[in-house]
Amino acid sequence: MKKKAREEDFKVEGMTHRIFWTFVCVSILAIIYFNITELDDLKRLTAKFPEVSKTVKNTFLHTYKVAASLALVFADIILVGPFAYLSYFSDHIKPKPGKVINALSFFDLGLLSALIFTFWTISANFMVINAVSKNPSFMSRMIDNEILIIFLAALTVLWIFAVILKVYSYTSVQRRELCKYAIRF
């Protein structure tokens, strides 16, 4: 009896902790990846745009790593924020029981949106830098750019589908109440 009670004490509901730690790890790896981008590759990238002034090119070269890292962090916060707000203030509204999508909260969906955005930024940096690099990464020879874009687009569509399923796991009265807590832009 004691053993069974102990197992229930440590049972974690939902997927939030798994998604959160995956998001944190991927974000840290993305920031590291942005910061190990070689300066020579960035110089070759700026050389592709002769119409841009030398001052702008130098500014880009010296601020790219920090700017990319900060932009990723702020964009992730902006993506997660509205979902966290909705999840927090609408916690008292319970969806219809028996739906698989109920394992995900709105906060989980916000984390997933930020995770997918992080994957998009990593892949954009990967494709652009390897296109101009003198010594492209061995991964660029293994992964075709079109396949990468199709995979990320499929992930994005799956996320949109999950959001729609989550919204429609509530009754129409509950959805109207959820609208009270939705952040409007």
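Residue numbering for the sequence shown follows numbering that gives the first Met the number 0, starting at 0 and increasing by one per position. For each residue, glycine too, the CB sits at the ideal point set by N, CA and C. All values reported here derive from a predicted model rather than from experimental measurement.
- If you look at G109, you'll find it in the alpha helix (DSSP H) that goes 105-131.
- Contact between the segment 36-44 and the segment 114-133 is present: 3 or more CB-CB pairs across the two stretches fall below 8 Å.
- For K56, the enclosing alpha helix (DSSP H) stretches over residues 53-88.
- Taking a C-beta distance under 8 Å as the contact criterion, F116 and D90 do not qualify as a contact pair.
- Counting along the chain, E176 sits inside the alpha helix (DSSP H) bounded by residues 171-180.
- According to the DSSP assignment, V99 belongs to no alpha helix (DSSP H), since it is labelled neither H nor E.
- Under the three-state reduction of DSSP, F137 is assigned to helix.
- Straight-line spacing of the CA atoms in N101 and M14 works out to 10 Å.
- Distance check between L177 and each of F88, E37, I148 places F88 closest, using alpha-carbon atoms only.
- Sequence-distant partners of N144 (beyond 5 residues in either direction) whose C-beta falls short of 7 Å from its own C-beta, in its chain, are M126.
- Ranking H61, L69, V55 by CA distance to the CA of I31 puts L69 first.
- By the criterion of a C-beta distance shorter than 7 Å, W119 is surrounded in its chain by L151, once the five residues flanking it on both sides are discounted.
- Setting aside the 5 residues that flank it on each side, L110 is surrounded in the same chain by T15, I18, F19, F22, V79, F82, each with a C-beta closer than 8 Å to its C-beta; the list follows chain order.
- In the assembly as shown, S171 is an exposed residue. Its beta-carbon has fewer than 16 other beta-carbons within 10 Å.
- Around the C-beta of S168, 16 or more other C-beta atoms lie within 10 Å, and the residue is accordingly described as buried.
- The three-state reading of DSSP puts Y167 in coil, since its state is none of H, G, I, E or B.
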